[in-house]
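Asks:
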Amino acid sequence: IWTSSSKGEPIDVPKLFEPSSTQGLKVKDENQEKFDKNIKPDHPLPVLFNKPETNKSDFDSNTNISDFDFELPSNLIAQKPISPRDNSKLLLINNNKLIDRKFFDLPDLLKKNDLIICNNTKVLASKLFGKRNTTSIQITLHKKNSDKSWLAFSKPAKKINVGDEIEFENFKAKILEKLDYGEIRILFDCDNEELIERISKVGRMPLPPYIKRSKEEKKLDRINYQTIFANKIGAVAAPTAGLHFTESIIN
């Protein structure tokens, strides 16, 4: 196994577990006897590391968010869902064997008394596009605080301030608080069912930014990114495992 440190230096992970390791790792006493006898199993021993003494300030000053970036090749990102839905891939793990199947095989794989729990939440079209004066602002709702207040992520976050109003097509929202990493707390000028109805009318489905869409495809997203049993509005992301079910599989 090979990985990389934050400085880009390769780390030989199995070597960390060898008795001759000089990388400063300390093992628990219960494993020490095996190391002293230089017993080298087929696989590395499960070493229990002592938890380092750190505090929040150390973490903040030494950690860069970019250390967690990784490259996802664009050719491996499906831009459209497969049709029909149940033609998607299904990985069967049976007696430690990995078997490639299709999702429409699921009914044949189930046994008597097996239990399937379906998430029947309906996805809210929670990506909204509005204006602060002449500046275009995009917000993505992610948590409801009250009948009128939501937490959201804003873009661009630097263009808005506490007290600003964002105008959408048929309603407004006031910025109550700016939090970290582009998160904001907002207050709408309507509430409850009226608010949900207005958001649903003008909002877009909250797809990741690497999913590219034409205007017509955005309309289809309202169908493709809902499960066939969705009926309770409120989710801010699609329950993706359920998207593969079709009426024939349910039947």
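Going by the working numbering, 100 is the number at position 100 of the sequence shown; the sequence numbering is gapless. The beta carbon of each residue, even a glycine, is placed where N, CA and C say it ideally should be.
#1: Would residue 167 pass as a contact of residue 130 if the rule is Cβ separation under 8 Å?
#2: Mind pulling the alpha helix (DSSP H) runs of 4 or more residues that sit fully within the region 184 to 223?
#3: For residue 151 versus residue 194, is the C-beta spacing smaller than 8 Å?
#4: Assign residue 69 to one of two classes, buried (16 or more other C-beta atoms within 10 Å of its C-beta) or exposed (fewer than that).
#5: Is DSSP giving residue 235 helix, strand or coil here?
#6: So is residue 162 buried or exposed if we call it buried at 16+ other beta carbons inside 10 Å?
#7: Mind checking which residues open and close the alpha helix (DSSP H) that includes residue 106?
#8: For residue 101, which residues in the same chain have their Cβ closer than 7 Å to its Cβ, ignoring the five residues on either side in sequence?
#9: Assuming residue 116 and residue 149 form a contact by the criterion Cβ under 8 Å, report the distance between their Cβ atoms to the nearest whole angstrom.
#10: With which residues is residue 121 paired in a DSSP beta bridge?
Replies: Here's the rundown:
#1: Against the sequence shown, residue 167 aligns to sequence position 167. Against the sequence shown, residue 130 aligns to sequence position 130. The answer is yes: Cβ separation under 8 Å.
#2: 192 to 202
#3: Here residue 151 refers to the residue found at position 151 of the sequence shown. Here residue 194 refers to the residue found at position 194 of the sequence shown. No, these two residues do not count as a Cβ contact at 8 Å.
#4: If you number the sequence shown from 1, residue 69 lands on position 69. By the 10 Å Cβ count, residue 69 comes out exposed.
#5: The residue labelled residue 235 in the question sits at position 235 within the sequence shown. In this structure, residue 235 counts as strand in the three-state DSSP scheme.
#6: Counted from its first residue, the sequence shown places residue 162 at position 162. It counts as exposed.
#7: Walking along the sequence shown from the start, residue 106 turns up at place 106. Looking at the DSSP string, the run of the alpha helix (DSSP H) that includes residue 106 is 106 to 109.
#8: In the sequence shown, the residue the question calls residue 101 occupies position 101. The beta carbon of residue 101 is closer than 7 Å to those of 90 and 92 in its chain, skipping five residues each way along the sequence.
#9: For the purposes of this step, residue 116 is identified with residue 116 of the sequence shown, where counting begins at 1. For the purposes of this step, residue 149 is identified with residue 149 of the sequence shown, where counting begins at 1. About 36 Å separates the two Cβ atoms, so there is no contact after all.
#10: Your numbering for residue 121 matches position 121 in the sequence shown. Per DSSP, 232.
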